[in-house]
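J.: This note's numbering numbers the first residue of the sequence shown as 2 and each following residue consecutively. Beta carbons: idealized from backbone N, C-alpha and C, even for Gly. My questions will all concern the structure given below.
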Amino acid sequence: MTNSDLLNVVKQHGAPVYVYDADKIAFQYNRLTNAFKSVSHLRLNYAVKALSNISVLRLMNSLGSGLDTVSIQEVKLGLLAGFKPESIIYTPNGVSLEEIEEAAALGVQINIDNLSILEQFGSKHPDIPVCIRINPHVMAGGNSNISVGHIDSKFGISIHQIPHLLRIVDLTKMNINGIHMHTGSDILDIDVFLYASEILFETAKNFKDLEFIDFGSGFKVPYKAGDIETNVEELGKKLSKRFNQFCKEYGKELTLAFEPGKFLVSEAGQFLAKVNVVKQTTSTVFASVDSGFNHLIRPMLYGSTHEIVNISNPKGRERYYSVVGYICETDTFGSNRRINEISEGDILAFKNAGAYCFTMSSNYNSRYRPAEVLWHEGKAHLIRERETFDDILRNQVDVKDIFKPKKETAVAK
Ligand SMILES: *Cc1c(COP(=O)(O)O)cnc(C)c1O
2 MTNSDLLNVV KQHGAPVYVY DADKIAFQYN RLTNAFKSVS HLRLNYAVKA LSNISVLRLM
62 NSLGSGLDTV SIQEVKLGLL AGFKPESIIY TPNGVSLEEI EEAAALGVQI NIDNLSILEQ
122 FGSKHPDIPV CIRINPHVMA GGNSNISVGH IDSKFGISIH QIPHLLRIVD LTKMNINGIH
182 MHTGSDILDI DVFLYASEIL FETAKNFKDL EFIDFGSGFK VPYKAGDIET NVEELGKKLS
242 KRFNQFCKEY GKELTLAFEP GKFLVSEAGQ FLAKVNVVKQ TTSTVFASVD SGFNHLIRPM
302 LYGSTHEIVN ISNPKGRERY YSVVGYICET DTFGSNRRIN EISEGDILAF KNAGAYCFTM
362 SSNYNSRYRP AEVLWHEGKA HLIRERETFD DILRNQVDVK DIFKPKKETA VAK
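What follows is the structure, encoded as C-alpha cells:
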C-alpha cells in the first residue's frame, strides 16, 4: 500500500483507523508453508487472538489455514467465518470444564493444559480425542509477560508430570491424538526451539494414537530496523528433517502443526492517527495524536517499539519527536523518534499494527474504538465501523430512579 492509498483510507473512513493488507498476510502464510514443504502433512492454525475480525478469519480460511482459539467465543467466531470444526483447535488456559465441554460439543479439537481438567474430562468423555499441552520448561522469548515455557509459567503440563499424566490416560482410557507446546512469543534462537522440540518428540513416544504434533508459535517479526526475525526458512529445513525422521521412528505420517498469530498479521497492519497538537516544551517536541493506549497499548504494556512515520509529509526534514496520546495518564507511543517534520493535522502511521493491537483496544476515557479496513486487490473494504456514543452506553444500566433528589438545605444569610 502506498502513502496515498493510506491517506485515501483516512479520507474515506476517518482516523484513527486500522488498515490491514491482505496480500501481506497471504505472503506470510505462503512463506511459512514453503519453509515446511518437505513435510507431507502441514497445518497452520492461525491464532485468532492476534486479530479476530471475522473478515480476517474469512481471509485465513480462503488461504487454507486452520484456527487456534483460546476462548469459546473465538471458537464461535471461527465457525461463523466458515471454518469446519475439525480445522479449529481450542487451547484454553484455566477455563472451566463446562466451557471445554461446550467447545467439544461443537466438534473442535480440544487441547488440555492441566492434569485436573484432563482427569475430569477424560473420566466423563473418554471417547473424545484430546491433545495435551506440554510445558518443556525451555526459556524462549524476550519479554517475561509473553514467555510461557519457563519453570514458573502457568501454561502447560510439566514434563516432570508425565508419569501422572500417563496414569490418568491409562485409567480413563481416553485417547490422546496430539501433543502441543507453545513456549513463548519470540523464537530468537532456532537451536533452543529445536531443543524444546526434542522434548516433545520424547514425550510423543508415550502415546500410540497420535495424529499431530503442534509446535505452537513464537515466530519473531522485525518491529524496527536492525531487529532480528526468526529465520523460518532455516527452522523449516531443520525441523522438517527431524520431524520426518521422527515419523519414521513412530511408524506413522503425523501432521506437523503451528499456530502463528503475530507472524501472519503483525506486519500487514498499520494504525493511522491524526496529529491534534504539536507542543514545544523546554525539553522536547510532543506530537499528540487523536488516540492513546485505548487503541494501541503494546508500547505501554510490553515496552514494544512500533515504528512511526509521517505519511502526510514523507519528504519533510527529519526532527526528533515524542509521540503521545490523549489519555489522561502517560501514554507515550515513542520517545526521541526521528520523524519527517510534523504539522498539526498530519497523519502518522504506526507500523506492525496487525497483531495484538485492535484486539487489545478498549473504551478507556469513554472513547470510541477505531474502524478497521482490509485492503484487498487494490481496494479498501471497511470491516468494522468506528464506534458511536450508543456503543459506549450499550449494556450500561442507568439506575437513575434509585437516587432521591438531595433535600434543599437552608442557605444561611
Ligand atoms: C497467543 C498464542 C499463539 C500465537 O502466538 P504468536 O506469538 O502471536 O504467534 C499461539 N498459540 C497459543 C496457544 C497462544 O496462546
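Is it a yes or a no for the segment 70-83 touching the segment 29-43, going by three-plus beta-carbon pairs under 8 Å?
T.: Result no; under three Cβ-Cβ pairs closer than 8 Å.
J.: Report buried or exposed for Y196, applying the criterion of at least 16 other Cβ atoms within 10 angstroms of its Cβ.
T.: That one is exposed.
J.: For M361, I'd like the list of residues in its chain whose CB is within less than 6 Å of its CB, leaving aside the five on either flank, ordered along the chain.
T.: Closer than 6 Å at the Cβ level, and outside the excluded window around M361, lie I298.
J.: CB-CB under 7 Å to M301, same chain, minus the five flanking residues each way: which ones, in chain order?
T.: Once the five neighbours on either side are set aside, the close Cβ partners of M301 are F294 and D332.
J.: Could you tell me the distance, in whole angstroms, from the CA atom of E100 to the CA atom of K155?
T.: E100 and K155: Cα-Cα distance of roughly 19 Å.
J.: Which runs of the beta strand (DSSP E) at least 3 residues long sit entirely within the segment 300-366? Give them in chain order.
T.: If we require 3 residues or more, the beta strand (DSSP E) runs fully inside the segment 300-366 come out as 309-311, 319-325, 333-341 and 348-351.
J.: Got a sec: does ligand 1 put a non-hydrogen atom nearer than 7 Å to the Cβ of S218?
T.: Answer for S218: yes, Cβ within range of ligand 1.
J.: Using the beta-carbon count (16 or more within 10 Å), is N45 buried or exposed?
T.: Reading off the sequence shown, one finds Leu at residue 45, where the question assumed Asn. L45 is buried by the Cβ-count criterion.
J.: Apart from the five residues on each side of it in sequence, which residues of its chain come closer than 7 Å, Cβ to Cβ, to I158?
T.: These residues qualify, in order along the chain: D114, N115, L116, I133, R134, I135, N136 and L166.
J.: Identify whether K280 lies in helix, strand or coil by the three-state DSSP scheme.
T.: Three-state result, K280: strand.
J.: Look up H14 in the DSSP assignment and say whether it is helix, strand or coil.
T.: Note: H14 maps to helix in three-state DSSP.
J.: Please go through the same chain and pick out, in chain order, the residues whose beta-carbon is closer than 6 Å to the beta-carbon of S145, but skip the five residues on each side of it.
T.: For S145, the pLDDT reaches just 49, beneath the cut-off of 50, and the residue's location in the model is therefore unreliable, although a value from the coordinates is still provided. Nothing listed; no residue qualifies.
J.: Evaluate contact between the segment 307-314 and the segment 374-382, counting only Cβ atoms and requiring at least three cross-stretch pairs below 8 Å.
T.: Output reads no: the segment 374-382 does not touch the segment 307-314.
J.: What residue range does the beta strand (DSSP E) around N178 cover?
T.: Per DSSP, N178 belongs to the beta strand (DSSP E) from I177 to H181.
J.: Please determine whether the Cβ atom of P261 lies at a distance below 7 Å from any heavy atom of ligand 1.
T.: Yes, the Cβ of P261 comes within 7 Å of a heavy atom of ligand 1.
J.: Considering only heavy atoms of ligand 1, does any lie closer than 7 Å to the CB of K25?
T.: Answer for K25: no, Cβ out of range of ligand 1.
J.: By the three-class DSSP mapping on this structure, what secondary structure does S289 have?
T.: S289: strand per DSSP, three-state reduction.
J.: Distance, Cα to Cα, D228 vs R168?
T.: Straight-line Cα distance between these residues: approximately 45 Å.
J.: Could you give the C-beta distance for Y30 and L64, rounded to a whole number, given that I count them as a contact under 8 Å?
T.: Between L64 and Y30 the Cβ distance is about 5 Å, and since that is below 8 Å, they are a contact.
J.: Is any non-hydrogen atom of ligand 1 found closer than 7 Å to the C-beta of K155, if you look at the structure I gave you?
T.: No, ligand 1 has no heavy atom inside 7 Å of this Cβ.
J.: Go to K50, then tell me how far its beta strand (DSSP E) extends in each direction, as first and last residue.
T.: Careful: K50 lies outside any beta strand (DSSP E) and carries neither H nor E.
J.: On a CA-only basis, which of S289, I180, I118 and G79 is nearest T173? Give me that one, please.
T.: Of the candidates S289, I180, I118 and G79, the one whose C-alpha sits nearest the C-alpha of T173 is I118.
J.: Using C-beta distances below 6 Å, list every residue in its chain close to I312, excluding the 5 sequence neighbours before and after it, in chain order.
T.: Closer than 6 Å at Cβ, skipping near neighbours: N4, L7, I348 and A350.
J.: Can you determine whether any heavy atom of ligand 1 sits closer than 7 Å to the C-beta of H307, and answer yes or no?
T.: No, the beta carbon of H307 sits no closer than 7 Å to any heavy atom of ligand 1.
J.: Does the pairing of the segment 378-392 with the segment 11-24 give three or more beta-carbon distances under 8 Å?
T.: Result yes; three or more Cβ-Cβ pairs closer than 8 Å.
J.: State the CB to CB distance for the pair G262 and A51, rounded to an integer number of angstroms; the pair is presumed to be in contact (CB under 8 Å).
T.: Right, the Cβ-Cβ distance comes to about 3 Å (below 8 Å), so this counts as a contact.
J.: Identify whether K408 lies in helix, strand or coil by the three-state DSSP scheme.
T.: In this structure, K408 counts as coil in the three-state DSSP scheme.
J.: Could you give the DSSP three-state label for F194: helix, strand or coil?
T.: Helix, per DSSP.
J.: Could you name the residues of the same chain whose beta carbon sits closer than 6 Å to that of L129, not counting the 5 residues immediately before and after it, in chain order?
T.: The amino acid at residue 129 is misidentified as Leu; the sequence shows Ile. Hits under 6 Å: A105.
J.: Comparing the CB of T360 with every heavy atom of ligand 1, is any distance shorter than 7 Å?
T.: No, Cβ of T360 sits at least 7 Å from all heavy atoms of ligand 1.
J.: Kindly indicate which residue of E230, I180 and N207 has the alpha-carbon position closest to the one of G217.
T.: Nearest C-alpha to G217: I180.
J.: Report, in whole angstroms, the separation of the C-beta atoms of V266 and G355, which I expect to be a contact under 8 Å.
T.: Contact flag correct, Cβ pair sits at about 4 Å.
J.: Give the straight-line distance between the Cα atoms of K77 and V109, rounded to the nearest whole angstrom.
T.: Cα-Cα distance, rounded: 10 Å.
J.: Using the C-alpha atoms, what's the distance from A269 back to A27?
T.: Cα to Cα, the separation comes out at about 10 Å.
J.: Considering only the beta carbon of each residue, do H138 and I160 sit closer than 8 Å?
T.: Contact flag set, yes.
J.: To which residues does DSSP link D215 through a beta bridge?
T.: Beta-bridge pairing links D215 to H181 and A258.
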